[in-house]
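Asks: Below are the structure tokens for one structure; questions will follow.
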Amino acid sequence: MSSPVNPLVISLIILVGPTVCDGKLNGRPVIGVLAQSCDPIDRDYGDTYIPSTYVKWLESGGAMVVPIRVKENDLYYETIFKSINGVVFPGGGVNILTSYFAKAAKLLYNMALKANDKGDYFPLWGTCQGFQQLTVLTSGQDLLSHLHAQRMMPLNLTSGFGQSRLFADLPTDILTSLTLFNVTANHHNWGLSPKTFSQNQALQSFYRALSTNVADNGKDFISTFEAIKYPIYGVQWHPEKVPYDWDLNDALSHTKRGVKVTQYFADFFVEECRKSDHQFPDINTQLSTVISNYHPHFSRDQRFKEHYYFNFTHPTV
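When the letters of the sequence shown are read in order and numbered with mature numbering (1 follows the signal peptide of the UniProt record, and there is no 0), they come out as residues -23 to -1, 1 to 294.
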């Protein structure tokens, strides 16, 4: 009769075993979320912040999250890029041409393009402001039109959406929710018009438009796209808001359909990041870098905001 296996041995195997599962997928994806400058009302807490909604959204898909600070040198971004498996450019309200956010995003975007060109799979995701930032990074200019979109909407999917990576495996119930129900949260005053998109060679040759929407003032805008050649995705709407944002000032609906839609996109992007084999040089470096080292601050007002705050010169505030 064989001897029983020591539980300690099993624990050690789990701790130091390979991080690859399901073929060549990374079983421990780590995704960076880029910070941005705070609004004046929140400057008492720190100079920069990351909304906790993005952290929760990514963690719901099975990822660990790392904050990416702004106003750092190139070596900082090169080092963190080699350690993580994807980056999210979140929504917000900074200048997408001149801000610290824009400058850091440009470095990360260019590194992602170079890596993917060499066969080093590295995904990017842009939400709202992040979507708009991607249009600037690709075209080299601000092509946005002023509009007003402050409500929940369904998506108007383009004819080729089924051939996209983002929507290729879309379950029937999610497709129904996306196209017939108000499940995408829009909170933006700028957008990329379909006409501008189609007339700009840099954008039209780089991205595939997957959906459009109509703003409150009647203007059309591109609401979802993906890069044709690269694992880069952009949504003008907020998939993370439905389950995790309770701001009384925003038109939000927290329906079961909306939550399932949110989960689909979290699962999709995290799965994309599992295709990256980047990793931290050692476990201690990873432990000291992940978002769990920081504590979110709750606004305790009708905004119901929960943010991670950072300072340019101090680790936490």
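Glycine included, C-beta positions come from ideal geometry on N, C-alpha and C.
None of the values given here were measured: they were computed from a predicted structure.
Between the C-alpha atoms of Glu283 and Met129, what's the straight-line distance to the nearest angstrom?
Replies: Residue 283 sits at position 306 when you count from the first residue of the sequence shown. Residue 129 sits at position 152 when you count from the first residue of the sequence shown. Near 21 Å, if we compare the C-alpha coordinates of Met129 and Glu283.
Asks: Helix, strand or coil, according to DSSP, for Asp13 in the structure here?
Replies: Counted from its first residue, the sequence shown places residue 13 at position 36. Reading off the sequence, residue 13 comes out as Gln, not Asp. In this structure, Gln13 counts as strand in the three-state DSSP scheme.
Asks: If you follow the alpha helix (DSSP H) that residue 298 is part of, which residue opens it and which one closes it?
Replies: With the chain running from -23 to 294 in the structure shown, residue 298 is simply not present.
Asks: Can you give the Cα-Cα distance for Cys(-3) and Gly4, rounded to whole angstroms?
Replies: Your numbering for residue -3 matches position 21 in the sequence shown. Your numbering for residue 4 matches position 27 in the sequence shown. With a pLDDT of 45 at Cys(-3), under the threshold of 50, the modelled position of that residue is not reliable, and the figure given next carries that caveat. When rounded, the distance between both Cα atoms is 5 Å.
Asks: Please name the residue in Asp19, Ile8, Trp102, Asp51 whose C-alpha comes closest to that of Gly39.
Replies: Against the sequence shown, residue 39 aligns to sequence position 62. Comparing Cα-Cα distances from Gly39 to each of Asp19, Ile8, Trp102, Asp51, the minimum goes to Ile8.
Asks: If you check the beta carbons only, do Ser200 and Thr189 fall under 8 Å apart?
Replies: In the sequence shown, residue 200 corresponds to position 223, counting from 1. In the sequence shown, residue 189 corresponds to position 212, counting from 1. Yes, they are a contact pair.
Asks: Provide the residue span of the alpha helix (DSSP H) that contains Val219, from first to last.
Replies: Translated into positions along the sequence shown, residue 219 becomes position 242. Element bounds for Val219: 218 to 221.
Asks: Return the chain-ordered ranges of every alpha helix (DSSP H) run that is complete within the segment 161 to 224 and spans a minimum of 4 residues.
Replies: Runs found: 171 to 176, 178 to 183, 218 to 221.
Asks: Helix or strand or just coil, what does DSSP make of Phe275?
Replies: Sequence index remark: in the sequence shown, residue 275 carries index 298 (1-based). Here Phe275 sits in strand by DSSP.
Asks: I need the boundaries of the beta strand (DSSP E) containing Glu283, first residue and last residue.
Replies: Along the sequence shown, read from residue 1 onward, the residue named residue 283 stands at position 306. Where Glu283 is concerned, the enclosing beta strand (DSSP E) stretches over 283 to 287.
Asks: In the structure shown, what three-state DSSP assignment does Tyr98 receive?
Replies: Here the question's residue 98 lines up with position 121 in the sequence shown. The answer is coil: DSSP assigns Tyr98 none of H, G, I, E or B.
Asks: To the nearest angstrom, how far is the alpha carbon of Ala186 from that of Gly137?
Replies: On the sequence shown, residue 186 is found 209 positions in, with the first residue counted as 1. On the sequence shown, residue 137 is found 160 positions in, with the first residue counted as 1. Each residue's Cα considered, the two are about 9 Å apart.
Asks: Give every residue of the same chain whose Cβ lies closer than 7 Å to the Cβ of Asp222, excluding the five residues on either side of it in the sequence, and list them in chain order.
Replies: Taking the first residue of the sequence shown as 1, we reach residue 222 at position 245. Counting only Cβ-Cβ distances below 7 Å, and skipping sequence neighbours, we find Thr30, Leu229.
Asks: Rounding to the nearest angstrom, what Cα-Cα distance links Gly103 and Val212 in this structure?
Replies: Position 126 of the sequence shown holds residue 103. Position 235 of the sequence shown holds residue 212. Distance between the alpha carbons of Gly103 and Val212 is about 6 Å.
Asks: If you run the structure through DSSP and keep just helix, strand and coil, what is Tyr77?
Replies: One-based indexing of the sequence shown puts residue 77 at position 100. Residue state, collapsed to three classes: helix.
Asks: Hey, how far is the Cα of Pro44 from the Cα of Leu11?
Replies: Here residue 44 corresponds to residue number 67 of the sequence shown, with the count starting at 1. Here residue 11 corresponds to residue number 34 of the sequence shown, with the count starting at 1. One C-alpha to the other measures close to 6 Å.
Asks: Residues in the same chain with beta-carbon distance under 6 Å from Thr173, minus the five sequence neighbours each way, listed in chain order, please.
Replies: Here residue 173 refers to the residue found at position 196 of the sequence shown. Excluding positions up to five away in sequence, the list reads Leu120.
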